[in-house]
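A quick write-up on the structure given underneath.
Number of protein chains: 2
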Amino acid sequence: MASACGCDHDPATWASRVKDACLRQGAQLTPLRRRVLDIFSGSAAPLGAYAILEELSRREGKQVAPPTVYRTLDFFLEHGFLHKIESLNAYAPCEHLDHAHHGMLLICESCGCSEEIEDAGVTRAIADSAADAGFALRRVMVEAQGLCRKCARDRLSASAAAVA
Amino acid sequence: MASACGCDHDPATWASRVKDACLRQGAQLTPLRRRVLDIFSGSAAPLGAYAILEELSRREGKQVAPPTVYRTLDFFLEHGFLHKIESLNAYAPCEHLDHAHHGMLLICESCGCSEEIEDAGVTRAIADSAADAGFALRRVMVEAQGLCRKCARDRLSASAAAVA
DNA sequence: CGCCGAGTGTTATGTTATAACAATGCGGCG
DNA sequence: CGCCGCATTGTTATAACATAACACTCGGCG
Ligand SMILES: [Zn+2]
Ligand SMILES: [Zn+2]
Ligand SMILES: [Zn+2]
Ligand SMILES: [Zn+2]
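The following block contains the structure:
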């Protein structure tokens, strides 16, 4: 399914790439993990652990407990298939599966969708800055909140209409 | 008090600058808020809301409830005196009180201290990257985990000693 | 078979944060 | 003074996010 928010990422192709990566790496894509994958496939926006829990319970027709969900998330996080978005307590598909990276996340406050950008300039600037401070980087998180292209445009035209 | 971790920031001067800023802005620095300020002054590392709560309860000699702490934190956050560190669920003094900024936080995984860097290169790179994506930034969070200068040095000498 | 390890189920609990409403204290003003 | 309005704080309850600890299943392997 293409995302409903008008952004250009596609969770469904992400899911198929995750399946490939599991095959290559010998990681077990169990039924439970596959269902969680499917849940992400159907969502344009990042998902919280308890949103996944509820959806999983709904689909399985029986109550699922938090550890089940968190263990599944851990599996995807450890394999680099998901990112945790700290500022939302939510989880989103990694859009650059094939290589290590520090993603920069652009999170739209209007439609809730998130986009992962990989920008060499940002990565380099952060690395330089940390080096100046004598700081040895291990993990970097860049999370930005604002308006995505589509929502910013909508907002503009809405205010134009208000003037007219 | 200078920080015990060997970093060069100083929460005590931060507290006095906050007091000045409150006077200038006409913000009420009530006894409760002053006590929370004091608690930050005594800590080199970021503090969680419940750590503040316990310390506050200890100093007041009576139980304090979460909303009291969270409201105080909200006050400091709204005035830009504190930053929330999303990846730690903790709060740290802003080291650049006098102007708006997106701080980049360097968090040491060994000693727990955090340092706030303001780097024009990073800020510009992120702004450029967001602009390329058509994204209107409102808030940017940059948090890095790793080893501070002192801890990285310690680790090096420790491994050197292990070889010898 | 008997053991092990990965995955999952289950129960309970810990940690972080907010909602909703009451009470207090203080300055302005008729 | 008596009253109002506002900011602050107190109080109770609960929501939201996350983990600990232990039991069970199942497939591989000696
Ligand atoms: Zn990614
Ligand atoms: Zn949007
Ligand atoms: Zn700051
Ligand atoms: Zn350190």
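Those protein sequences? They're chains A and B, same order as listed.
So that you can map any letter, position 84 of the first sequence is 84 in the working numbering, and since no number is skipped, the others follow by simple counting.
So that you can map any letter, position 114 of the second sequence is 1114 in the working numbering, and since no number is skipped, the others follow by simple counting.
No residue lacks a Cβ here, since even glycine has one placed at the ideal position from N, Cα and C.
Since the structure is predicted, the reported quantities are computational estimates derived from the model, not experimental observations.
- Look at residue 1086/B here: in three-state DSSP terms it is coil, with no helix or strand label.
- The C-beta distance from residue 66/A to residue 44/A rounds to 24 Å, too long to meet the 8 Å contact threshold.
- At a cut-off of 8 Å between beta carbons, residue 1149/B contacts chain A.
- Residue range 66 to 78 is occupied by the alpha helix (DSSP H) that includes residue 69/A.
- Contact with chain A is found for residue 1139/B, since one of that chain's Cβ atoms lies less than 8 Å from the residue's Cβ.
- Listed along the chain, the chain B residues whose CB falls inside 7 Å of the CB of residue 87/A are 1086, 1141.
- Between the alpha carbons of residue 1039/B and residue 1070/B lies a gap of roughly 14 Å.
- The beta carbon of residue 144/A sits closer than 8 Å to those of 104, 105, 106, 107, all from its chain and outside the five residues before and after it, given in chain order.
- Chain-order list of chain A residues neighbouring residue 1077/B: empty, with the shortest C-beta distance near 13 Å, by a criterion of under 8 Å.
- Residue burial annotation: residue 33/A is buried, with at least 16 other C-beta atoms found within 10 angstroms of its C-beta.
- Only buried fits residue 91/A, as 16 or more other CB atoms lie within 10 angstroms of its CB.
- In the three-state DSSP reduction, residue 108/A falls in the strand class (E or B).
- For residue 1044/B, there is no enclosing alpha helix (DSSP H), as DSSP marks it with neither H nor E.
- Between residue 101/A and residue 125/A, the alpha-carbon positions lie close to 14 Å from each other.
- Closer than 8 Å to the CB of residue 122/A there is at least one CB belonging to chain B.
- For residue 106/A, a Cβ of chain B is located within less than 8 Å of the residue's own Cβ.
- A residue is called buried when at least 16 other Cβ atoms come within 10 angstroms of its Cβ; residue 1096/B does not meet this threshold and is exposed.
- With the rule of 3 Cβ pairs closer than 8 Å, the region 107 to 120 of chain A counts as touching the region 147 to 162 of chain A.
- With its beta carbon less than 8 Å from one in chain B, residue 109/A belongs to the interface.
- Counting the other CB atoms within 10 Å of its CB gives residue 72/A a total of 16 or more, which places it among the buried residues.
- In this structure, DSSP gives residue 146/A an extended state, which the three-state scheme calls strand.
- Under a 10 Å Cβ-count criterion, residue 120/A is classified as exposed, with fewer than 16 other Cβ atoms of the shown protein chains found around its own Cβ.
- Look at residue 1101/B: its beta carbon is less than 7 Å from one of the heavy atoms in ligand 3.
- Excluding its 5 nearest sequence neighbours in each direction, residue 1024/B has no C-beta neighbour in its own chain below 8 Å.
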